[in-house]
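Structure, as structure tokens:
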Amino acid sequence: MFEPAYSPTLPSHLYMLAGQSGGYSGASPPPASFGFPEITQLLHDAGVDWKYYVRQGDAAETRRRAILPGTETQAAKVYSEMNPLLGFPAVRDDPTQASRVVPTDQFYVDAAAGKLPQVCWLVPSDAVSEHPPGNIADGMAYVTGVVNAAMASPEWQHTAIFISWDEWGGFYDHAVPPKVDAYGLGLRVPGLVISPYARHGYIDHHVASTASWLKIVEERFRLPSLTARDTNAYDLSGAFDFSASPSKPVLLQATPQGSPYPPTVSR
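In this note's numbering, the protein residues as written are 6 to 272.
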């Protein structure tokens, strides 16, 4: 799949939520707030339960990532480059919606209790985000632990997990990104689909971007589109086979060393 725009972290995260960044490309200081609609507002209006889990970093990281000064004390409640949701006043100034932005520790509690929301996001801290100079193996261990928790949840058979990287950290890709508007698409990034109904060993050759995540949520809960990006996006339906028997969980070792490959898969 393709990153949504040629941009650094913040615009990419905005596209994941809204199918746009309001024209912000990272070339100037970020706005103090955003007035365009985003997906959690649509979910809220439709009565769909959601949460935005943010991994707590140390104070230095939060200070470095924070958009507004003096807000480095609690990462989950700070509008930052990787946590832009609180840059939307419709979320930040609504106690009900703001209460859905919580530390990632709560994700593991909710998963174990079978109380995961209908839609949720998990935002990493710098240490496990695989941004330089972070250790990629630490990021892999973090993601594995998140997936393990979802697989071990009583809700596993009703779950689809989408893993995406907000931008590309390399220097070359032979595939020319499709030009859909003045801002993108950008270079290719990995995109993984994990679900009891995900096709085994399948590579989906449709053109996809982070708008595809929006599209499948909008279709699932009958929500309107946000922008032309998600209106025209591929919905990832080819990655699933709902006629098959659901696959059993495959729990891997959530350590920097990982598990032997290939894993044992039970179908």
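Backbone N, C-alpha and C fix where the C-beta goes; we use that ideal spot for every residue, glycine too.
Where the alpha helix (DSSP H) containing residue i begins and where it ends
i	result
residue 124	From DSSP, residue 124 is part of no alpha helix (DSSP H) but of the beta strand (DSSP E) over 124-128.
residue 112	110-117
residue 141	141-156
residue 17	14-23
residue 49	44-50
residue 236	233-236
residue 95	94-97
Three-state class that DSSP yields for residue i in the structure shown
i	result
residue 196	strand
residue 168	strand
residue 226	helix
residue 71	strand
residue 264	coil
residue 217	helix
residue 180	coil
residue 102	helix
residue 131	helix
residue 162	helix
residue 80	helix
residue 65	helix
Residues bridged to residue i [DSSP beta-bridge criterion]
i	result
residue 55	124
residue 88	85
residue 203	245
residue 107	58
residue 7	193, 214
Neighbourhood of residue i by C-beta, 7 Å cutoff - its chain only, sequence neighbours within 5 removed
i	result
residue 41	23, 25, 27
residue 244	198, 203, 204, 207, 209
residue 161	155, 201, 254
residue 53	123, 124, 226
residue 230	223, 236
residue 101	none
Beta-carbon contacts of residue i that lie in its chain and below 6 Å, excluding the five residues immediately before and after
i	result
residue 188	10
residue 172	8, 17
residue 165	200
residue 234	24, 216
residue 1	The question about residue 1 has no answer, for the chain in this structure spans 6 to 272.
residue 232	24, 25
residue 95	46
Proximal residues to residue i (C-beta, below 8 Å), its chain only, five neighbours per side dropped
i	result
residue 174	135, 136, 137
Item to check | Given 8 Å, three or more beta-carbon pairs between the region 246-266 and the region 149-158 | outcome: yes
Next on the checklist: Would the region 83-90 count as touching the region 122-142 if we require 3 or more Cβ pairs under 8 Å?
Outcome noted: yes
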